[in-house]
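Enquirer:
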Amino acid sequence: MSGLIFLIPLALLLGAIWLVAFLWSLRAGQYDDLDGAAWRILDEDQDRTKG
Amino acid sequence: MTCCPAPVASDNEPPRLEAEEAKRWLSYAGPGLSRIELIVPGVNCAACIRNIETAMQAIAGVVSARVNLTARRVTVTWRDGEVEPQTFIERLAGLGYPARPFDPRESGFLQDDREGRALLRALAVAGFAASNVMLLSVSVWSGAEAATRDLFHWLSALIALPAVIYAGRPFFTSAMAALRHGRVNMDVPISLGVLLTSLMSLYETINGERHAFFDAAVTLLFFLLVGRYLDHLMRARARGAISRLMTLTPAAATRVEADGTHRRIQATALRAGMMMAVAVGERFAADGKIVQGASDVDRSIMTGESAPEAVARGNPVQAGMLNLTGPLLVTVTATGNDTFLADLIRLMAATEQNQSAYVRIADRLARFYSPAVHVLAASTLAGWLMLGQSWHDALMAAIAVLIITCPCALGLAVPAVQIVASGMLFRRGIMIKSGAALEKLAEVDTVVFDKTGTLTLGAPEMRELPRAPATILSLAHGLARESRHPLSKALSAGLHKLGIGATALDRVAEHPGQGLEGEWKGEALRLGSRAWCGVPARDHDDGRLEIALCRQSDSPVFFHFEDRLRPQARATVAELRVQGLAVELLSGDREVAVRRVARETGIETYHAGLSPQAKLDRVEELRKMGRKVLMVGDGINDAPALAAGYASMAPATASDIGRTAANIVFMGESLDAVTFARVIARKARSIAQQNFVVAIFYNLLAVPIAMTGLVTPLVAAVAMSSSSLVVIANALRLGMSFSEPKPVDASAPLITMPRLDTPQGRAA
Chain A
55 MSGLIFLIPL ALLLGAIWLV AFLWSLRAGQ YDDLDGAAWR ILDEDQDRTK
105 G
Chain B
871 MTCCPAPVAS DNEPPRLEAE EAKRWLSYAG PGLSRIELIV PGVNCAACIR
921 NIETAMQAIA GVVSARVNLT ARRVTVTWRD GEVEPQTFIE RLAGLGYPAR
971 PFDPRESGFL QDDREGRALL RALAVAGFAA SNVMLLSVSV WSGAEAATRD
1021 LFHWLSALIA LPAVIYAGRP FFTSAMAALR HGRVNMDVPI SLGVLLTSLM
1071 SLYETINGER HAFFDAAVTL LFFLLVGRYL DHLMRARARG AISRLMTLTP
1121 AAATRVEADG THRRIQATAL RAGMMMAVAV GERFAADGKI VQGASDVDRS
1171 IMTGESAPEA VARGNPVQAG MLNLTGPLLV TVTATGNDTF LADLIRLMAA
1221 TEQNQSAYVR IADRLARFYS PAVHVLAAST LAGWLMLGQS WHDALMAAIA
1271 VLIITCPCAL GLAVPAVQIV ASGMLFRRGI MIKSGAALEK LAEVDTVVFD
1321 KTGTLTLGAP EMRELPRAPA TILSLAHGLA RESRHPLSKA LSAGLHKLGI
1371 GATALDRVAE HPGQGLEGEW KGEALRLGSR AWCGVPARDH DDGRLEIALC
1421 RQSDSPVFFH FEDRLRPQAR ATVAELRVQG LAVELLSGDR EVAVRRVARE
1471 TGIETYHAGL SPQAKLDRVE ELRKMGRKVL MVGDGINDAP ALAAGYASMA
1521 PATASDIGRT AANIVFMGES LDAVTFARVI ARKARSIAQQ NFVVAIFYNL
1571 LAVPIAMTGL VTPLVAAVAM SSSSLVVIAN ALRLGMSFSE PKPVDASAPL
1621 ITMPRLDTPQ GRAA
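For the protein sequence lines, the chains are A and B, in the order given.
According to the working numbering, the first sequence holds residues 55 to 105 in order.
According to the working numbering, the second sequence holds residues 871 to 1634 in order.
1) Give, in chain order, every unbroken run of the beta strand (DSSP E) that is at least 3 residues long and sits entirely within the region 1093-1161 of chain B.
2) My assumption, with CB atoms under 8 Å, is that B/I1300 sits in contact with B/F1536. Please give the rounded CB distance.
3) Return the residue from the list B/Q956, B/L980, B/Q981 that minimises the CA-CA distance to B/A969.
4) With distances taken between CB atoms, is the gap from B/V1549 to B/V1318 smaller than 7 Å?
5) Quick check on DSSP: helix, strand or coil for A/L96?
6) If I follow the unbroken alpha helix (DSSP H) through B/T1203, where does it start and stop?
7) Where do the N-terminal and C-terminal ends of the alpha helix (DSSP H) with B/H1244 fall, by residue?
8) When DSSP builds the beta bridges, which residues end up paired with B/Y898?
9) Please report how far the alpha carbon of B/A1601 lies from the alpha carbon of B/L993, in whole angstroms.
10) Could you spell out the range, first to last residue, of the beta strand (DSSP E) harbouring B/I1300?
11) Give me the DSSP bridge partner(s) of B/S1007.
12) Tell me whether B/T1316 sits in a helix, a strand or coil according to DSSP, three-state version.
13) Between which two residues does the alpha helix (DSSP H) harbouring A/R81 extend?
14) Beta carbons nearer than 7 Å to chain B: which residues of the region 76-88 of chain A have them?
15) Show which residues of chain B have a CB atom less than 8 Å away from the CB atom of A/L73.
16) Going straight from the alpha carbon of B/Y1036 to that of B/V995, what length do you get?
17) Tell me which same chain residues have a C-beta within less than 6 Å of the C-beta of B/A1279, skipping the five on either side of it?
18) Within the present structure, is the beta-carbon of B/D1157 separated from the nearest heavy atom of the ligand GTP by less than 6 Å?
19) Buried or exposed: B/T1089, going by 16 or more other Cβ atoms within 10 Å of its Cβ?
20) Whose C-alpha, out of B/L1199, B/W1254, B/S1304, B/A928, is nearest the C-alpha of B/A1155?
21) For B/F1546 and B/R1555, what's the separation of their Cα atoms in angstroms?
22) Using a Cβ cut-off of 7 Å (strictly closer), state whether A/G57 contacts chain B.
23) With the cut-off set at 7 Å, would you say B/W1011 and B/L1584 are in Cβ contact?
24) Could you please give the first and the last residue of the uninterrupted beta strand (DSSP E) stretch that includes B/N938?
25) Mapping the DSSP letters down to three states, classify B/S1362 as helix, strand or coil.
26) Show which residues of chain B have a CB atom less than 7 Å away from the CB atom of A/L96.
27) From the DSSP output, in three-state form, read off B/R961 for me.
28) Excluding five sequence neighbours on each side, which residues of the same chain lie with their C-beta closer than 8 Å to the C-beta of A/L58?
29) Can the beta-carbon of B/V1271 be found less than 7 Å from the beta-carbon of B/T1250?
30) Excluding the 5 residues preceding and the 5 following B/E1539 in the sequence, name in chain order all residues of the same chain whose CB lies nearer than 6 Å to its CB.
31) Between B/R1440 and B/E1474, how many whole angstroms is the CB-CB distance? I'm expecting something under 8 Å.
32) Applying the 10 Å Cβ sphere with the 16-neighbour rule, what's the burial state of B/A1599?
33) Pull up the distance between the alpha-carbon of B/P911 and that of B/W948, whole angstroms please.
34) For B/Q1483, collect the residues of the same chain with a Cβ closer than 8 Å to its Cβ; drop the 5 residues on either side in sequence, then sort them by chain order.
35) Kindly say whether B/T1442, judged by its beta-carbon, lies nearer than 7 Å to any beta-carbon of chain A.
36) So, for B/A1572: in the same chain, excluding its five sequence neighbours on each side, which residues have a beta-carbon less than 7 Å away from its beta-carbon?
Structure, rendered in structure tokens:
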């Protein structure tokens, strides 16, 4: 029972971190070009695309 | 996926960005920085990303360049004053990627994007809430008691209530809008169910009761948002693909000042009475009258007429026509709102207003479903009260009925099927603009085709070789290759294909509107119309186009051309008729040419020489007869009829306005896209109907349990999730029931340049 006192907030915190991370990545445009991202990972010349 | 496109054979000039005009495409990207977005339809692989980004960043002044492969766009940021955006377009064209500027504000893109993100955020919040509340609920179901249970309920309330308020907004606003118009859609029972569930659960939590349904409310929202987002994705994808076909309309014109100087001005700045110069390969920016010069004009996209028309001093020309062979000087007689084109657009707008709003299948069901549910809930309440139960218990039972009937599965029934169907169509190069279009396509019983560009490919082609010595043929080739007239191009392409070389002639001259002239070993040769060659006119016109080659010493040789039918045109018409649909052909072309195509495709009912208004009238007439018409057309002259059709399809090569008017656009040459789309649409409809049956059957089982007050949160969760999953699984069956059609290489058709704005697109 006493374990719940920190386990529940911990569970909620983890969920909240996920939610914030998702909203941030959405805002940062990481979902704008899913097809391109799949190809870019194969590209060795990383410095080129700072844009 | 095939890699980079073969560079587009480009006799298309890259669009010019005049400095004035360029401003509207630019956006601010920080102090001293500007940004432009370019649509590049040819980008389709990793190598393209690399090529383009490297090349763009090599340009002095460019700060960053990034390719978006999904949207096929390139975003370039540069330092002001160091480089002009025109450079980017030219560099891209040099790499083999035709590009044009893109304004995200155009055609509702920004709104689409915003809506998509809002849905995704709501989905994320609902997902977060659903998983956490479910975690707590499972603990309650597995036996948490007393204080622990109350704590868990409070925690659930803390998570669920804000989540419902935030993630439920798309449904609440839609429901409110429907109610305000005195209608009922599926969102009304959804909103009511979710809100009542949350409120009741809160009440129960405050009173420390056993059952709270927070998990039901949030998982319901989560599932429904998935459906809503899929629906959005389908529309956004089609819209994006179609926008890539859009091209710059002729926004500029060359004005001739009183002192004879030429100046490029915006087409909107043209006024009646001004003089404009129209170069070969340019479209007329306004209606006018020719004052100097002679040429041939291609008006097929306006009228459906396949033969170019010779024009000379004094002839009227209309905005949108293409000048083929000679430079012209034109006085402007009408601009902007007074042109033929503007008339058509007005006609379209009027037609769209006349169309009664189509009610989607799900909303049609909602008309019966919502009242039924509310009556059931009310009678539950009344029943419990009559049996002498307390108000509290009676209300609980009534609300349980609303929860259990909340149309989770119904909300998914249609979007799940339509996203699968539109995905299948998309892979075949068929883009559906909305779910409603798919539903309507399944119901059509009459198909009306346009001729030029729809049943046919819209460009003349030489079918058979006249009997003549090879030297004569190669002389014809030598003359024909000097001209941009569509028939000359078709002749030279046809001869080239047969391996007949071209003999060079001396002193070749083109006489616009008439033909070509040249000399070979001192003998004069002419290529052109019968009149040009001095041959009497044909006494029997069989609808084919012809040009003649004549020499002084010999009888003339005639070359015949036909606008070739699209592949599968005949089979498609036959298939539609087998399926019991009426097929008609409406064309603006000459009777002989139309009769010929009607005979070749097996269409019995045809009308020739129709104006855009007459086409529209015919479609309206069919509609008044109770027919549901699928209009298939491409030209500017088809646009009003496309807008009037119950459903409408246009090939990707159609005019911008035609593609905008149609609610389905197909890539590639083959006409069997029409039958394929219809088969999928019908299959999708029947699976959606099965889904409704499943959802309603589930209600038939669950409602009695709810009315007797036996629904616990566990029962509600299991019932809802399982019915949703069944519906989704059934939707996926659509993909399996068809052997996957060989995908049309999605990249290839995307780079075929549409006709309206590539000056030579038609003739090429």
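In this text, a Cβ means the ideal position worked out from N, Cα and C, and glycines have one as well.
None of these values were measured; they are calculated from a predicted model.
Expert: Taking the structure as given:
1) 1122-1126, 1132-1136, 1145-1148
2) 5 Å
3) B/Q956
4) no
5) coil
6) Element bounds for B/T1203: not the alpha helix (DSSP H) but the beta strand (DSSP E), 1198-1204.
7) 1231-1256
8) B/S904
9) 21 Å
10) 1300-1302
11) BP columns for B/S1007 are empty, so no partner.
12) strand
13) 56-81
14) F76, L77, L80, D86, D87, L88
15) A994, V995, F998
16) 8 Å
17) A1565, S1593, S1594, V1597
18) Ligands in the displayed structure: none, and consequently the ligand GTP is not present.
19) buried
20) B/L1199
21) 14 Å
22) no
23) yes
24) 932-938
25) helix
26) A916
27) helix
28) none
29) yes
30) R1436, P1437
31) Wrong, their Cβ atoms sit about 13 Å apart, outside the cutoff.
32) exposed
33) 22 Å
34) L1217, P1510
35) no
36) I1274, A1589
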